[in-house]
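Going by the numbering used here, 543 is the number at position 247 of the sequence shown; the sequence numbering is gapless.
Glycine residues also receive a C-beta, built at the ideal position from the N, C-alpha and C atoms.
Below is one structure, written out as structure tokens, with a few remarks after it.
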Amino acid sequence: MDEKRKKADVLIGLQWGDEGKGKIVDVLTPGYNIVARFQGGPNAGHTLEFDNKKIILHTIPSGIFHDSAINLIGNGVVIDPVVLNKEVQSLDVDKDIILNSLLISKKAHLILPTHRLLDFVYERSRGENKIGSTLKGIGPAFTDKIARSGIRTGNIIQKDFGDRYDSLKQIHLKHIASFDCTDKIQIEGMDFEEYERLWFESLEMLSEMRLIDSEVFVNNSLNNGLSLLAEGAQGTLLDIDFGSYPFVTSSNTITAGACTGLGIAPSGIGEVIGVFKAYCTRVGSGPFPTEIFNEKGEKLRTMGKEFGSTTGRPRRCGWLDLAALKYAVMLNGVNKIIMTKADVLNSFNKIDVCTHYKIKNQKIDYMPFNIDDKDLKPVYKTLKGWKKSLENIDTFEQVPTPLKDYVKYIEDHVEIPVWMVSTGSNRNQIIKR
Ligand code: GDP
Ligand code: IMO
Ligand code: MG
297 MDEKRKKADV LIGLQWGDEG KGKIVDVLTP GYNIVARFQG GPNAGHTLEF DNKKIILHTI
357 PSGIFHDSAI NLIGNGVVID PVVLNKEVQS LDVDKDIILN SLLISKKAHL ILPTHRLLDF
417 VYERSRGENK IGSTLKGIGP AFTDKIARSG IRTGNIIQKD FGDRYDSLKQ IHLKHIASFD
477 CTDKIQIEGM DFEEYERLWF ESLEMLSEMR LIDSEVFVNN SLNNGLSLLA EGAQGTLLDI
537 DFGSYPFVTS SNTITAGACT GLGIAPSGIG EVIGVFKAYC TRVGSGPFPT EIFNEKGEKL
597 RTMGKEFGST TGRPRRCGWL DLAALKYAVM LNGVNKIIMT KADVLNSFNK IDVCTHYKIK
657 NQKIDYMPFN IDDKDLKPVY KTLKGWKKSL ENIDTFEQVP TPLKDYVKYI EDHVEIPVWM
717 VSTGSNRNQI IKR
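If you want it as structure tokens, here you go:
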């Protein structure tokens, strides 16, 4: 059995999310038997493009469009039945195929309608210090999980489900009443009662899906020689422990999250693939050392279509930050990196790259505790732009020399080879080395 056993590969974002993980997972899925989400929830928005279609996935893993793969939502994910149901209904694929190839952990926690209300009142009470949450109920759902009050998908079919739901709902409502919140809060444009009704309808669908003890399924599959790709959501710099706290999400977005979020021992992890953009973006509040406030930032936003996949908010844009990238590579044990959105830089004469920071005269080449220190200044190296379209380039040899130099400069800094360069949003726009 041991000889056959496969290790699980992990794909994670190395920046503040939206690195293009969904596209890359879609590209890599033909090489895997199983694709599994392990943390986060519907705060994620993973975009896939092929056959003139653009699909944004929030809860369903990005391997869903390959018939050969089984897709799993692991125990580390929090699920909003309404969002999941909507996603299943909206996909232009036979529903039976989805329902057959999609497995869900019984230990994944549910996002209740009141979790969404809580997210809203917490954010509002923070005033100017708001996190910039997607307001999908992520923080409150993970709070209940850690407080041991949460409800899991495996509880849905149990007799006491209704009582558990009511009791948790009442606790939430009492808590919400303690905030100065006089107006009626809407969820996705609906009143609470309407959303709650839809939630229960969607729960019905969820209860008919393939709910399993996924940690056993995962380990049996690996033992039997099946391959698995764990799909991260968000990015390393939004990690609850190592991100720019408190401006982070409420889960471990790093490789270690795949161990707890799927039930895979650390010794069972194989390759770790890190995805990063050729520049940086961030949506929501929090420190962003290389953020650009002039027309170049605006140009990155326009050329890169940098608007949130989940909320539609404009993303803040900045130069590539190698200090942050190195820090992310360290935390995740990355062996291969993939650069996306190289094409967005096509028309830039010069490209700045942050090599390290300075606080007063001290050089810092990682993300320090005090990343929001007013005295922290990024130090840049300016590289030459390639000023050429990357359309129809299939091999790395055909890549313009300044882009080769850009890739080499990154590799020298982070000491990891760039394995692929993505040159467009479509499945086919990828250069493999
Ligand atoms: P994810 O959350 O990491 O999956 O990333 P998102 O889907 O939220 O955001 C990435 C955006 O960039 C999506 O709109 C993708 O279609 C798009 N995208 C991915 N790779 C590339 C690329 O190489 N070039 C361009 N121009 N767009 C890309
Ligand atoms: P994907 O998987 C980018 C950000 C939010 C906010 C902070 C906390 O598409 O890369 P939350 O809703 O978790 O309470 O928000 O984290 N955020 C993301 N930013 N991509 C994401 O996911 C994100 N998920 C959450 O904007 O700043
Ligand atoms: Mg996204």
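| Asked | Found |
| --- | --- |
| Simplified DSSP state of Gln658, which is helix, strand or coil | strand |
| Classification of Arg578 by the beta-carbon crowding that lies within 10 angstroms, buried from 16 upward | buried |
| Same chain, Cβ closer than 7 Å to Lys728, five either side skipped, listed in chain order | Met716 |
| C-alpha distance - Val571 paired with Leu307, whole-angstrom precision | 7 Å |
| Terminal residues of the beta strand (DSSP E) in which Ser503 lies | Element bounds for Ser503: not the beta strand (DSSP E) but the alpha helix (DSSP H), Phe488 to Ser503. |
| Gly553: CB within 8 Å of a non-hydrogen atom of the ligand GDP | no |
| Contact test: Ser397 Cβ vs the ligand MG heavy atom, cutoff 8 Å | no |
| Cα-Cα separation, Pro696 to Trp682 | 6 Å |
| Residues of its chain near Asn520, where Cβ-Cβ distance is below 7 Å and the 5 sequence neighbours each way are ignored | Lys300 |
| Distance CB(Leu627)-CB(Thr532) smaller than 9 Å | yes |
| Delimiting residues of the beta strand (DSSP E) encompassing Cys555 | Looking at the DSSP string, Cys555 is not in any beta strand (DSSP E); the run it does join, the alpha helix (DSSP H), is Thr551 to Leu558. |
| Any 3 or more C-beta pairs closer than 8 Å across the stretch 615-627 and the stretch 652-672 | yes |
| For Ala638 and Phe538, the rounded distance between their alpha carbons | 27 Å |
| Whether Asp322 touches Arg723 by CB criterion (9 Å) | yes |
| Three-state class that DSSP yields for Ile375 in the structure shown | strand |
| Buried versus exposed call for Glu315 [16 or more other C-beta atoms within 10 Å across all chains shown] | buried |
| Alpha helix (DSSP H) segment containing Ile394, residue limits | Lys391 to Ser397 |
| CA-to-CA distance, Glu687 to Lys700, given in whole angstroms | 16 Å |
| Other residues of its chain near Val710: CB distance less than 6 Å, five sequence neighbours each side excluded | Leu621, Lys622 and Val625 |
| Check your reading: residues with Cβ closer than 5 Å to the ligand MG heavy atoms | Asp314, Gly341 and Ser605 |
| Cβ-based burial, Glu591 [other Cβ within 10 Å; buried from 16] | exposed |
| C-beta atoms of Ile427 and Pro326 nearer than 9 Å | no |
| Residue of Arg611, Thr606 and Val675 minimising C-alpha distance to Gly593 | Arg611 |
| Cβ-Cβ separation, Pro436 to Leu415 (assumed contact under 8 Å), whole Å | Reading the sequence as shown, one finds Asp at residue 415 and not Leu. The pair is a contact, with the Cβ atoms about 6 Å apart (cut-off 8 Å). |
| For Lys341, the nearest candidate out of Ile356, Lys677 and His411 (CA to CA) | The amino acid occupying residue 341 in the given sequence is Gly; Lys does not appear at that position. Ranking Ile356, Lys677 and His411 by Cα distance to Gly341 puts Ile356 first. |
| Rounded C-alpha distance that separates Lys654 from Asp671 | 8 Å |
| Proximity of Ala365 and Ile393 at Cβ, strictly below 9 Å | no |
| Endpoints, alpha helix (DSSP H) assigned at Tyr418 | Pro409 to Arg422 |
| Helix, strand or coil at Ser510 according to DSSP, with G and I counted as helix | helix |
| As assigned by DSSP and simplified to three states, the class of Asn367 | strand |
| Ser510 vs Asn371 beta-carbon contact at 9 Å | yes |
| Local conformation of Val695 per DSSP, three classes | coil |
| Bridge-paired residues (DSSP) for Thr577 | Cys613 |
| Counterpart residues of Arg448 in DSSP-defined beta bridges | His405 |
| Option nearest Leu324 by Cα separation, candidates Leu399, Phe584, Gly582 and Ile634 | Ile634 |
| Three-pair Cβ contact test at 8 Å for the stretch 481-497 versus the stretch 406-421 | yes |
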